[in-house]
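Since the structure comes first, as structure tokens, the remarks are kept for the end.
Protein chains: 2
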Amino acid sequence: MSPLVRSFVAHFGEMGSRWGINRTVGQIYALIYVSSRALHADEIAEQLEFSRSNVSMGLKELQAWRLVRLRHQAGDRREYFDAPADAWEVFRTLAEERRRREIEPTLTMLRNALMEEAGSEEDRVAQERMRDMHDLIEMLTTWFDDVQRMDAKTLAQLMRMGSKVQKLLEVASKVTSLGSAKQAAE
Amino acid sequence: MSPLVRSFVAHFGEMGSRWGINRTVGQIYALIYVSSRALHADEIAEQLEFSRSNVSMGLKELQAWRLVRLRHQAGDRREYFDAPADAWEVFRTLAEERRRREIEPTLTMLRNALMEEAGSEEDRVAQERMRDMHDLIEMLTTWFDDVQRMDAKTLAQLMRMGSKVQKLLEVASKVTSLGSAKQAAE
DNA sequence: ATGAATTTTCAGTAATTACTGAAAGTTCTG
DNA sequence: CAGAACTTTCAGTAATTACTGAAAATTCAT
Chain A
1 MSPLVRSFVA HFGEMGSRWG INRTVGQIYA LIYVSSRALH ADEIAEQLEF
51 SRSNVSMGLK ELQAWRLVRL RHQAGDRREY FDAPADAWEV FRTLAEERRR
101 REIEPTLTML RNALMEEAGS EEDRVAQERM RDMHDLIEML TTWFDDVQRM
151 DAKTLAQLMR MGSKVQKLLE VASKVTSLGS AKQAAE
Chain B
1 MSPLVRSFVA HFGEMGSRWG INRTVGQIYA LIYVSSRALH ADEIAEQLEF
51 SRSNVSMGLK ELQAWRLVRL RHQAGDRREY FDAPADAWEV FRTLAEERRR
101 REIEPTLTML RNALMEEAGS EEDRVAQERM RDMHDLIEML TTWFDDVQRM
151 DAKTLAQLMR MGSKVQKLLE VASKVTSLGS AKQAAE
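Protein sequences appear in the order of chains A and B.
Letter by letter, the first sequence follows residues 1 to 186 in the UniProt record's numbering.
Letter by letter, the second sequence follows residues 1 to 186 in the UniProt record's numbering.
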């Protein structure tokens, strides 16, 4: 492993452990991500100096996260793994998985809590806070769904605009049916 | 603690441990967040059945994340803690802290790696992947900065629009100087 | 200053999580 | 279908992380 790859892999190990992902899994992913070709488990074990079984478990987890893909090479029985190179795709996958694993269960818990009859003033306040949290999460995820549905071009355009979109919205509101009366008043 | 609060606290404990945050810290935060008034460390220790010192450490960490605020009550020497109730503010704080702790160091690492001379074809490919990742992260954070600078009204409007913003952008591009030639061609 | 009330630190221990090697399982080839 | 090539599982152990209680430090009132 070159020093370049080594530092990338090490950094991802550290970062992985700050997220729920464990260090070795982060390193395995990093190695596959920067690699120009698909790798098989023995190569990974050798390069990172992990046991073969550790690599096996790590790959299983990365597959569960859909961050790596299983590949087969003609005339070779071993399983090879590579990772999508498109960073935006990776980001999207991560977002989807986190949503499924963390966001959805949280929303379910909050909804259940909000269905309960508040037994006290304390509970009433608690429910109020939970409702705010629920509504924010729902808004953010709905919005993110919409963003995902946009094509890459629109998205890039929107991002490039940044806060200038504010101006655009102001203008837009003046030409929509709702805005026209307001425009006349101004 | 009512069953309502108990389940909220328990859930946050679980979720905390999936993020880098440890379980007890998650529970302490959850308790403070849903509470109608500021709490002091002994109350928290008693309610969650943690040792006083564990609570002390947890509060220190939550303060470092800027998720709780230290308060003083007149005529009481103890330190009370509460949490901002506005969910959007909480989200923003979390995003800022994660950025400082995780995103910025990652960008630094990537920039350093990209300054290095690639010593091999393998390194060249690795740098290419790192550049993609760097550019995506930078785009997302720049964009997020812009979003943060928007006022709440614009933001809500933008979110409510969701993917309909695509139509708006199409229209906008036709009335800008750059878009006018394109429009003529169509 | 004294000491009571409170918070923090930290060394030791408990609990959890990660990792390994050996064994079992699977898949393919001849 | 034997056995070679490869992957997975899992019980045991190592490493890490979390938690506690005792002691030290801080803060404040008198």
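Glycine included, each C-beta is placed from N, C-alpha and C at the ideal position.
Below 6 Å CB to CB, which residues in the same chain sit around residue i once its five sequence neighbours on both sides are set aside?
i                 : result
Val9 of chain A   : Gln27, Ala30 and Leu31
Glu104 of chain A : none
Thr106 of chain B : none
Leu62 of chain A  : Tyr29 and Val68
Arg18 of chain A  : none
Give the secondary structure of residue i by DSSP, where H, G and I count as helix, E and B as strand, and everything else as coil.
i                 : result
Phe91 of chain A  : helix
Leu39 of chain A  : strand
Asp151 of chain A : coil
Arg71 of chain A  : strand
Phe50 of chain A  : coil
Glu116 of chain B : coil
Asp132 of chain B : helix
Asp82 of chain B  : strand
Asp123 of chain A : helix
Glu186 of chain A : Note that Glu186 of chain A has pLDDT 40, beneath the 50 cutoff, so the model's placement of it is unreliable and the number below is only indicative. In the structure shown, Glu186 of chain A sits in coil (DSSP, three-state: anything other than H, G, I, E or B).
Ile137 of chain A : helix
Ser7 of chain B   : helix
Ser2 of chain A   : coil
Ile21 of chain B  : coil
Arg77 of chain B  : coil
Trp65 of chain B  : coil
Gly179 of chain B : In this prediction, Gly179 of chain B scores a pLDDT of 42, lower than 50, which makes its location untrustworthy; the coordinate-derived value is nonetheless stated afterwards. Looking at Gly179 of chain B - three-state DSSP - the assignment turns out to be helix.
I want to verify the contact list: residues of chain A whose CB lies under 7 Å from the CB of residue i, in sequence order.
i                : result
Ser53 of chain B : Within 7 Å Cβ-Cβ: nothing; Ser53 of chain B doesn't reach chain A, min ~24 Å.
Asp76 of chain B : Result: empty, since nearest Cβ-Cβ is about 20 Å, beyond 7 Å.
Residues of chain A with a CB under 8 Å from the CB of residue i: which are they?
i                : result
Phe91 of chain B : Leu136 and Leu140
Going by C-alpha to C-alpha distance, which of the options sits closest to residue i?
i                      : options                                   : result
Met1 of chain B        : B:Leu155, B:Ser17 and B:Gln47             : B:Gln47
Ala83 of chain A       : A:Glu14, A:Ser36, A:Arg160 and A:Ile137   : A:Ser36
Asp132 of chain A      : B:Ser51, B:Glu49, B:Ser56 and B:Phe91     : B:Phe91
Glu128 of chain B      : A:Ala85, A:Arg66 and A:Ala74              : A:Ala85
Glu79 of chain A       : A:Val5, A:Ala172, A:Leu155 and A:Lys60    : A:Lys60
Ile137 of chain A      : B:Ala87, B:Glu49, B:Ala41 and B:Arg66     : B:Ala87
Glu96 of chain A       : A:Asn22, A:Arg66, A:Met139 and A:Glu170   : A:Arg66
Val25 of chain A       : A:Met57, A:Gly75, A:Glu43 and A:Val34     : A:Met57
Leu140 of chain A      : B:Glu102, B:Leu155, B:Asp145 and B:Met139 : B:Leu155
Ala64 of chain B       : B:Thr108, B:Asp146, B:Arg100 and B:Leu168 : B:Arg100
Trp143 of chain A      : B:Asp123, B:Val165, B:Val171 and B:Met130 : B:Val165
residue 187 of chain B : A:Leu4, A:Leu94 and A:Met109              : Absent from the model: residue 187 of chain B. The displayed extent of chain B is 1 to 186, so no value can be given.
Phe50 of chain B       : B:Gln73, B:Arg23 and B:Lys153             : B:Arg23
Arg160 of chain B      : A:Met159, A:Val171 and A:Val147           : A:Val147
Val34 of chain A       : B:Glu122, B:Leu158 and B:Pro3             : B:Glu122
Glu89 of chain B       : B:Arg149, B:Val171, B:Val125 and B:Gly13  : B:Arg149
residue 188 of chain A : B:Gly119, B:Met15 and B:Glu116            : Since the displayed chain A opens at 1 and closes at 186, residue 188 of chain A lies outside it and no answer follows.
Whose Cβ in chain B lies nearer than 7 Å to the Cβ of residue i?
i                 : result
Ser7 of chain A   : Met109 and Ala113
Gly58 of chain A  : Within 7 Å Cβ-Cβ: nothing; Gly58 of chain A doesn't reach chain B, min ~17 Å.
Ala87 of chain A  : Asp132, Met133 and Leu136
Glu102 of chain A : Met15 and Arg18
For residue i, return the contacting residues in chain B, with the cut-off set at a CB-CB distance below 9 Å.
i                : result
Leu67 of chain A : Near Leu67 of chain A there are no residues of chain B at all, since even the closest Cβ is about 13 Å away, more than 9 Å.
Asp82 of chain A : Under the 9 Å cutoff, chain B gives no residues; its nearest Cβ is about 11 Å from Asp82 of chain A.
List, in chain order, every chain B residue whose beta-carbon is nearer than 8 Å to that of residue i.
i               : result
Leu4 of chain A : Ala113, Glu116, Ala118, Gly119, Asp123, Ala126 and Gln127
For residue i, which residues from the same chain have a beta carbon less than 7 Å from its beta carbon, with the 5 sequence-adjacent residues on both sides left out?
i                      : result
Asp151 of chain A      : none
Leu178 of chain A      : Legend: pLDDT at Leu178 of chain A = 46, less than 50; position of this residue unreliable, no value from coordinates given.
Arg71 of chain B       : Ala38, Tyr80, Phe81 and Asp82
residue 206 of chain A : Absent from the structure is residue 206 of chain A, since the part of chain A shown begins at 1 and ends at 186.
Phe12 of chain B       : Gly26, Gln27, Tyr29 and Ala30
Thr93 of chain A       : Arg66 and Leu67
Quick one: residues in its chain with C-beta nearer than 8 Å to the C-beta of residue i, no 5 flanking neighbours on either side, listed in chain order?
i                 : result
Arg111 of chain A : His134
Arg52 of chain B  : Ala41, Asp42 and Ala45
Arg162 of chain B : With the sequence shown as reference, residue 162 of chain B is identified as Gly, and Arg is not the correct amino acid for it. Correct list: empty, nothing qualifies.
Leu114 of chain A : Gln127, Met130, Arg131 and His134
Gln73 of chain A  : Ala38 and Tyr80
- Task: Taking only beta carbons into account, state which residues of the region 149–178 of chain A come closer than 7 Å to chain B, listed in chain order.
- Result: Listed by position along the chain: Arg149, Met150, Thr154, Gln157, Leu158, Met159, Gly162, Ser163, Val165, Gln166, Leu168, Leu169 and Ala172.
(Q) To be precise: take each residue of the region 31–51 of chain B, compare its Cβ to all Cβ atoms of chain A, and keep it if any distance is under 8 Å. Which residues remain? (A) Those would be Tyr33, Val34, Ser35 and Ser36, in chain order.
Practice prompt. Could you name the residues of the region 115–130 of chain B whose beta carbon sits closer than 9 Å to any beta carbon of chain A, in the order they occur along the chain?
Written response: Those residues of the region 115–130 of chain B placed with their C-beta closer than 9 Å to a C-beta in chain A are Glu116, Ala118, Gly119, Ser120, Glu121, Glu122, Asp123, Arg124, Val125, Ala126, Gln127, Glu128, Arg129 and Met130, ordered along the chain.
To be precise: take each residue of the region 11–24 of chain A, compare its Cβ to all Cβ atoms of chain B, and keep it if any distance is under 7 Å. Which residues remain? Against chain B - using a Cβ distance shorter than 7 Å - the residues of the region 11–24 of chain A are His11, Met15, Arg18, Trp19 and Gly20.
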